[in-house]
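Beneath this line is the structure, given in C-alpha cells, with notes to follow.
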Amino acid sequence: MTPTLQLFLIISAALFSIGLLAALSRRHAIFILIGIEMMLAAANLNFIAFWRFSPQSQPPTGVMIAIFSIAIAAAEAAVGLALVIAVYRHYRTTNVDHLNQLKG
Amino acid sequence: MSSAAVVIIAILTLAAALAAATLQKLMHATLSFAVALVGVAALFFLLGAEFVGLVLVFVYIGAVAVLIVFTILLTRRDVGKDRAANWGGAFLAVAVFGGLTWAILKTQSVAVVAPHIRLVTVKRIGEALMTSYVWPLQCVGLLLTAALIGALVLVMEEKP
Amino acid sequence: MSRWILDHLWLIPAVPFAVSLVILSLPNGRHKSAAVLAVAGQVAALVLSFFAFLPTLQTPGFRAVQNFTWFTFGDHALRLGWLLDPLAAVMLMMITLVGLCIFVFSTGYMAGDKNFVRFFAYLSFFSGAMLGLVISNSLLLLFIFWELVGLASYLLIGFWIERPSAATAAKKAFVTTRIGDLGFFLGLLWLYGRSGTLLFYDGGDGCLETGGLNMLGASATFIALLIFCGAMGKSGQFPLHVWLPDAMEGPTPVSALIHAATMVAAGVFLVARAYPIFSLGAINGVTASLMVVVWIGVITALMAALIAIAQADIKRILAYSTISQLGLMMVSLGVGGVAAGMMHLLAHGFFKALLFLGAGSVIHGCHGEQDIRKMGGLRWLMPITFSTYAIGMMALSGVPLFFSGGWTKEEILHVTAHWPASRLPYYFLLIGVLLTALYMTRQIIYVFFGDRRVASQHAHESPRVMTMPLIALAICAILFSIVLTPAWPWLHDYLTGTAADVELVRLIQSTLFLSLVLVGAGFALGIWMYRKVGVQDRQRPADTDPLEFAQPQLFRFLENKMWIDELYARTIIAFSWMSARLSDWMDRHFWDRLVRGFGGIGQLLGVFTASIDERGINAGVDETTVGTRGLGRLISAAHSGQIQTYLSVIAIGVLALLLFYAWLA
Amino acid sequence: MVGLISALIMVPLAGALALFTAPARNARPIALLFNALAALDALALWQHFDIRTAGLQLVERHTWIPAVGAEYLVGIDGLSLLLVLLTSLIIPFAFLAQRMERGFCALMLIMQSALYGTFTAQNFVLWFLFYEMSLIPAFLLIKIWGGENRDRAATKFFLYTFLGSVAMLLGFLGIYLARGSFDFATLAGLGKNGLLSGKLAWLAFAGIFLGLAVKVPLFPFHTWLPDAYESAPTGVAMVLTGLLSKMGVYGFVRLLLPLFPNEIRIIGPWLLALAICSIVFAPLAAWVQSDLKRMVAYLSVNHLGYCMLGLFAVAALPSGAAIDTQAALSGVFMQIFNHGITAAALFYLVGLLEQRRGLRGIGDFGGLMQRTPLLCGWMSVAMFSSLGLPGLNGFIGEFLIFKGSFAIAASFTALAVIGLLVTAIVFMRAMQALFSGPLAENCSAFPDLLPREKVTIIPVTLLMFAIGVAPQFVFNIFNTTVVQMARLFG
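Protein sequence lines correspond, in order, to chains A, B, C and D. Counting along the first sequence from 1, when you hit position 39 you're at 39 in my numbering, and nothing is skipped either side. Counting along the second sequence from 1, when you hit position 157 you're at 157 in my numbering, and nothing is skipped either side. Counting along the third sequence from 1, when you hit position 19 you're at 19 in my numbering, and nothing is skipped either side. Counting along the fourth sequence from 1, when you hit position 344 you're at 344 in my numbering, and nothing is skipped either side.
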C-alpha cells in the first residue's frame with residue numbers, strides 16, 4: 001500500500017496546528033519562535049509533497065521553494081532570537097504578555 | 001515508500017512536536033523540537049527530496065536549534081516554567097486543524113498516489129539555482145546577509 | 001360677487017392667513033393695530049363667507065368644485081381642490097360668526113397680556129386653517145389644514161408659555177391628537193391607494209362619488225375606521241379624549257373658539273364629509289364602521305357627562321360637557337342622522353362659545369379664579385353674564401322650543417330611537433340628557449346663586465367689549481332655533497338638499513314630552529341636590545360637594561376623571577418610555593457591539609481568546625493585560641500590542657476563509 | 001455646456017489651494033467666495049439641464065486608467081442635479097454657521113469637491129475615489145476641531161465607514177472581475193438578468209450593502225452616528241447630516257438597486273424590517289437623549305429610515321403600480337433634499353444655543369421663548385418641518401414615501417407611522433424643555449438672533465415654506481428621472 005498525497009497533507013496540517021498551538025498559548029518568546037518554525041516546516045512539507053505527487057517539472061519547483069523557504073526561516077530565526085536577547089536585556093523578561101508597547 | 005513507514009515517522013514527528021509545544025521546561029521543549037525536525041527531514045527523505053532533508057537537518061538542527069539553546073542560556077534567568085497551554089489557543093489550533101483536514105479530505109484531487117519520477121540530483125538543483133532561480137538566490141543571499149548584520153546589531157552590547 | 005367668490009374660494013382662508021403673517025411681523029408693542037387687523041380680517045372672512053353662502057341657498061344640493069394640481073411627481077399629478085356645498089357653507093358661516101364674536105371678546109379679555117400681538121396672530125392663523133379645512137375638496141388638503149389647526153391649537157394652549165402646566169397640556173394635546181391623526185393618515189393612504197384619488201368630488205371620479213367608491217370594496221370599513229381615528233383624536237372621543245380638559249390651560253377665548261365651537265367639531269365634520277365611505281355597503285343604514293362610531297359616541301357622551309358632575313373647575317366642566325356633546329353628535333352621525341348631527345354641531349358652536357365666553361367673563365370678573373366652589377352669588381354682580389350664561393345653559397341642557405340646542409337634541413334622539421341595530425344607544429342618550437341638565441344646574445348654582453364666597457367678593461361685570469359678544473351669541477343661540485324646528489326644518493332640508501316647507505303639525509313629536517320630562521327632572525334633581533351649597537349643614541362641611549358627602553367613593557372616581565389619565569400613565573406612557581430607554585440602551589450596549597463584532601470579528605474573537613486565556617489559566621492577571629479584556633472599548637482596544645492576539649486574529653482569518661470555502665463549495 | 005461639471009469639482013479644490021496663499025484671517029470670506037462660484041456653476045448646470053430628457057446629460061468622458069476600465073466619466077441626471085444643488089446650498093450654510101480657521105475651511109472645501117464628484121461620477125472607480133475623498137476631511141475635522149470625545153468619535157466614524165468602504169470595494173472588485181466593467185450604466189443594464197451568479201452575487205451584494213448601510217446609516221449600523229455628530233463642530237455636523245448621509249442614499253439608488261434587483265427582491269422583507277427599525281428605534285432613542293445634538297442625530301437616522309423604506313419598498317416588492325413606484329421614488333428624492341435642509345438648520349440652531357450657553361444639554365435651557373422669541377420661532381419652524389407638519393417641506397417627501405410604500409408594503413408602512421408619532425413626542429419634549437416654563441437664570445443674558453444669524457437662517461427657513469407650499473419647482477428637477485427609474489425598478 002502506498003501513501004496518498006492526502007496523508008502527507010494531513011500530517012502537515014497537524015504539524016501546522018501544533019505549531020500554532022505553541023505560538024498561541026505559550027508566554028515565552030522562544031516558544032513562539034519554535035511554534036513559528038514548526039509552522040514553516042509544515043509548509044515546507046506541503047511544498048515537497050505537492051512536488052512529489054505532481055507530474056514532473058523541470059526545474060523541480062517544489063524543492064527549490066522549500067530550499068528558499070528554509071533559508072528565509074533561518075534568517076527569521078536568527079533575527080528573532082537576536083530580538084529575544086535584545087528584549088531580554090531591555091526588559092529583563094521574555095514573557096510576551098509584558099511586551100505590549102504597541103498597544104493602541 | 002510505504003504507508004507504514006510514513007505513518008510511523010509521522011507519529012514520531014507529531015509526538016515530538018506536541019511535546020515541544022506543551023513541555024514546561026524550555027530546554028526539553030527545544031530538544032523535542034529538534035527531534036520533530038529530524039522527523040520532518042525523514043519525511044523529506046521518504047518523499048525523495050534528500051537534499052532538502054539534509055538542508056533541513058543542517059540548518060535547523062545544526063544552526064537554529066543550537067541558536068535556540070544559546071539564547072536560552074543567555075536569558076537563563078527568565079527561563080522558569082512556562083504554562084503548558086491555554087484553552088483559547090488550543091481551541092483555535094484544533095479548529096484550524098479540523099478545518100484544514102476537512103478541506104483536505106473533501107478535495108478529491110489530492111487522493112492520488114505518487115507517480116514514478118526521476119531522482120532529483122544535487123546537480124540538477126545546482127543548475128536550477130544558477131539558471132531559473134538566480135535572482136531569488138541573490139535575493140536570499142542578500143536577505144541572509146542583512147539578517148546576519150541585523151542580528152549582530154541587535155545583540156551587540158550598547159556602549160554606555 | 002357671489003359668482004366671483006365661487007372661483008376664488010381660496011381667498012376665504014387666505015385672508016386670515018395673510019392677516020396672521022402681517023400681525024406676526026408687527027413689533028411687540030402694537031396692540032391696537034394687531035387687534036384691528038385681526039378683527040378686520042375676520043370681518044372680511046365673514047363677508048366673503050356670506051357671499052359664498054348665498055348661492056348655496058338658491059339651488060337645493062348646490063355644489064361648486066374647483067380642482068387644481070398641486071404638484072406632479074413622476075408623470076402623475078397630485079390634485080387638490082376647493083369645495084362649496086351646504087355643509088361647507090354653514091360651517092363657514094358658523095366659524096366666521098362665532099370667530100368674530102370671540103375675536104372681539106379677546107380684545108377685551110387679553111387686553112393686559114404682554115404677548116397680545118402674538119395671540120392675535122395665532123388666532124388668525126387658526127381661523128384661516130379652520131376655514132380652509134371646511135372648504136377642502138380633497139382628503140389630503142383637509143388633512144393639511146387638519147394638522148394646521150392642530151398646530152394652532154398647540155400654540156394657543158401653550159400660549160402662556162411661562163406656565164409649565166400650559167406647556168405640558170399643549171404637548172399632551174398635540175401628541176394625543178397626533179395618535180389619531182396617524183390613523184387618519186393611514187386611512188388617507190389606503191383610500192388613495194384604492195381609489196387613486198383623494199378628491200372628494202371630481203365629476204364622478206372623486207372618492208366620495210360612485211367612481212371612487214366602487215373601487216373601495218371591502219376595504220371601505222377599514223378606511224372609514226382609520227379616518228374615524230383622526231376624528232376621535234380631534235373631537236376628544238374616548239379613548240383619546242384626555243387632552244381636551246387639559247387644553248383648558250389656554251386662554252378662555254381659545255377654549256371657546258377652538259376647544260368648544262370649531263376645531264373639536266372638525267372630527268364630526270370629517271365624519272359627515274366622508275360619510276359616503278362610512279355608509280358604503282350599508283344594510284338598512286348600518287355598517288360595521290358606523291356601529292363603531294355609534295358606540296364610541298355613546299361611551300364618550302355618558303362618560304364625559306358623568307365626569308362633569310364632579311369637576312370643580314368652571315372650564316373643565318364645560319370641557320367635559322363639550323366632549324359629551326361631541327359624543328352625542330357622533331352617535332347621531334353613526335345612526336344615520338347626518339343632518340341632525342351637523343345641526344347640533346352648529347347650534348353647539350354658538351351656545352358652547354357663549355358658555356365659554358361667559359365663563360371667561362366670570363373668570364375675568366373673579367380675577368382669574370376658576371374654582372366654582374370659591375364663587376357664588378354672582379347673579380347680581382354680573383347680570384349680563386348671568387342672563388346670557390343662563391341662555392347658554394338652557395340651550396345646552398336641551399330645553400325645548402326656544403333654545404337651539406333643544407331642537408337639535410330632539411332630532412338626534414329621534415333618529416337614534418329609530419336605529420335598526422339596537423335601542424340601547426337611545427336609552428343611554430336619555431340618561432345623558434338627564435345628566436347634562438344636572439351638571440349644568442350644579443354649575444349655575446355654584447357660580448351664580450347662593451352666598452358670595454372667596455373669589456366673588458370683589459367681582460365685577462366685564463367691560464362692554466366682552467359683554468357685547470355674549471349678547472350677540474345669546475341671540476344667535478335663540479334665533480338659530482327658528483331654522484331648526486321640525487315645523488320648518490329649513491336647515492335640515494338645506495343640508496340634505498330637499499325643499500323645505502312649513503308644517504306646524506310636526507312640531508309635536510312623541511319624544512318631545514319624554515325629553516321635556518327628563519330635562520325637567522335633571523333641573524329638579526340639581527336644584528334639590530345643590531340647594532344647600534355653601535351652607536354649613538349639620539353633618540356636612542361647607543366646602544364639601546353634596547355628592548361627595550353622599551357618595552365619597554363615586555365622587556372621587558369621577559373627580560379623578562375615572563382614573564383614565566393615571567391608567568394611561570401607568571400603561572401606555574410607561575411602556576413607551578421604557579421602550580425608549582431600552583432603545584437607547586440597546587444602542588449603546590448591544591448594537592454597537594454586535595456591529596463591531598461583525599465588522600471586526602477577528603479583533604473581537606482575538607480579544608475573546610485573550611480573555612479566556614486570562615480567566616482560564618491565570619487569575620493573577622497583570623494590570624497591563626486587563627485592558628485587552630474590555631470588550632466594550634473601541635476597536636482600537638483590540639490593538640493590544642500582543643503578538644499572540646494578532647496571531648489569533650490571523651488564525652481566525654484562516655478559519656473564516658475555510659468557512660467561506662465551505663460555503664462556496 | 002461640456003466642462004461645467006469638471007469645473008464644479010475643481011472650483012472648491014482651487015479654493016482650498018487659494019486659501020494657503022491668502023492671509024489666514026480672510027480664510028472664511030475666500031472660502032465663501034469660492035462657494036459662490038460653485039453655486040453659480042451649479043445654477044448654470046440647472047440652466048443647461050434639460051428637465052424633459054431622461055438619462056445622463058452634460059456627460060464628460062475621458063480615458064483615465066484603461067487597464068482597469070476606469071474612465072473619467074461624469075454626468076448628471078435629475079437625482080445628481082438635485083444633490084449638486086443641495087451641496088451648493090448646505091456647504092455655504094455650514095460656512096456661515098461658525099468661526100473657522102484656515103485649515104478648517106480648506107478641509108471643508110475639499111469635502112465639497114468630493115461631494116460634487118460623488119454625485120456626478122458615473123464610473124465606480126471615480127465614484128469610489130470621491131466617496132473616500134470625503135471621508136478623510138470629515139475625519140480630520142472631527143478629530144482636530146471636535147468637542148470632547150473627539151478622538152474616540154473620529155476613530156469610530158472612520159473605522160465604521162472605512163470598513164464599510166472596504167467591503168464595498170471588494171464587492172465591486174468581484175463584479176469587475178466577473179463582468180469587466182465599472183460603468184454604472186453598463187452594469188445597471190446587466191443587473192436585470194443577474195449581474196453575478198449564485199453565491200458570488202450574494203457576496204458582492206453584502207459587501208456593497210454593508211458599505212452603503214454604514215454610510216446612510218441604516219439600523220443597526222448607525223451606532224457611530226450619534227457619537228460622530230455629537231462631537232463634530234456645528235458646521236461639520238451640518239455637512240455630515242445634510243450631505244454625507246445622502247451619499248449613502250444616493251449609493252443605494254445608483255448602485256445597489258439597479259445592480260442587484262433579484263437579491264433585493266429575495267431578502268426584501270428583511271431590508272424593510274431594518275428600515276422600520278431605523279424609523280422606530282431611532283426616535284425612541286432620541287426621546288431619552290439629554291444632549292440636543294445627539295437627539296437631532298438620532299432623528300436623522302429616523303428620517304433617512306423613511307428614505308430607505310421608500311427605496312426598499314420599490315425594489316423589494318416590484319408589484320407596485322407605476323404611480324406607487326413613482327410616488328415612493330419622488331418621495332425619497334424629496335426627503336433627501338428636505339432632510340438635508342432641515343437637519344442642517346436644526347444643527348445650526350442647536351449650534352447657536354450652544355454658542356450662547358456653552359452647553360447643549362436639554363436641561364441647560366428653559367423659558368427661552370421669553371428671552372429669544374425669534375430664535376425660538378425659527379427653531380420651531382425647523383422642528384415642525386422635521387416632524388412632518390403639512391405646509392412645510394418635510395411633509396411632502398414623507399407623504400409621498402408613505403403613499404408609495406403603503407400601496408406596496410402596507411403592513412411595514414403602518415408600523416412606520418409609529419416613527420412619525422415618536423418624532424413628534426421628541427420634538428414636543430424638546431420644545432417644552434427649551435422654550436417654555438420660567439426663564440432659566442443662566443439663559444437670562446442670551447441675545448436674540450443677531451443680524452448675521454438672521455441672514456443665515458431666514459432664507460433657509462423660507463425655502464422650507466416654499467417647498468412646503470409649492471414644491472413643483474423641486475419636482476421638476478427629477479420627475480423625468482423618476483419616471484425612468486420607476487421603469488427600471490418596477
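Glycine included, each C-beta is placed from N, C-alpha and C at the ideal position. Note that the coordinates shown come from a computational prediction; the quantities given were computed from them, not determined experimentally.
For residue i, tell me which candidate among the options has the shortest Cα-Cα distance.
i: methionine 440 of chain C; options: C:Ile384, C:Gly233, C:Val293 and C:Ala308; result: C:Ala308
i: leucine 58 of chain D; options: D:Met308, D:Leu218, D:Gly78 and D:Gly69; result: D:Gly78
i: phenylalanine 51 of chain B; options: B:Ser132, B:Thr22 and B:Gly126; result: B:Gly126
i: alanine 327 of chain D; options: D:Ala297, D:Gln484 and D:Gly191; result: D:Gln484
i: methionine 369 of chain D; options: D:Val288, D:Ala433 and D:Ala237; result: D:Ala433
i: alanine 71 of chain A; options: B:Pro115, B:Arg118 and B:Leu137; result: B:Leu137
i: valine 253 of chain D; options: D:Pro269, D:Phe347, D:Ala286 and D:Phe184; result: D:Phe184
The alpha helix (DSSP H) that contains residue i, what's its start and end?
i: glycine 3 of chain D; result: Where glycine 3 of chain D is concerned, there is no enclosing alpha helix (DSSP H), given that its DSSP letter is neither H nor E.
i: tyrosine 275 of chain C; result: 275-278
Quick check on DSSP: helix, strand or coil for residue i?
i: alanine 77 of chain C; result: strand
i: histidine 364 of chain C; result: helix
i: glutamine 311 of chain C; result: coil
i: histidine 28 of chain A; result: strand
i: tryptophan 51 of chain A; result: helix
i: isoleucine 51 of chain D; result: coil
i: isoleucine 135 of chain C; result: coil
i: leucine 142 of chain B; result: helix
i: serine 106 of chain C; result: helix
i: alanine 486 of chain D; result: helix
i: asparagine 149 of chain D; result: coil
i: glutamate 209 of chain C; result: coil
i: isoleucine 76 of chain D; result: strand
i: threonine 461 of chain D; result: helix
i: glutamate 398 of chain D; result: helix
i: glutamate 354 of chain D; result: helix
i: asparagine 479 of chain D; result: helix
i: glycine 361 of chain D; result: strand
i: valine 698 of chain C; result: No statement about residue 698 of chain C is possible, as the shown extent of chain C runs from 1 to 665 and does not include it.
i: glutamate 453 of chain D; result: helix
Looking at the secondary structure, which residues open and close the beta strand (DSSP E) in which residue i lies?
i: tryptophan 64 of chain D; result: 57-65
i: isoleucine 161 of chain C; result: From DSSP, isoleucine 161 of chain C is part of no beta strand (DSSP E); its letter is neither H nor E.
If I'm right that residue i touches residue j with Cβ under 8 angstroms, what's the distance once you round it to whole angstroms?
i: arginine 453 of chain C; j: glycine 376 of chain C; result: 4 angstroms
i: valine 214 of chain D; j: glycine 164 of chain D; result: 3 angstroms
i: isoleucine 264 of chain D; j: leucine 255 of chain D; result: Between leucine 255 of chain D and isoleucine 264 of chain D the Cβ distance is about 12 angstroms, and since that is not below 8 angstroms, they are no contact.
i: alanine 43 of chain A; j: serine 69 of chain A; result: 7 angstroms
i: valine 144 of chain D; j: glutamine 112 of chain D; result: Residue identity check: residue 144 of chain D is isoleucine in the sequence provided, not valine. In fact, because the Cβ distance is near 18 angstroms, the residues do not count as touching under 8 angstroms.
From the DSSP output, read off the bridge partner residues of residue i.
i: aspartate 371 of chain C; result: C:Asp313
i: threonine 4 of chain A; result: B:Val113
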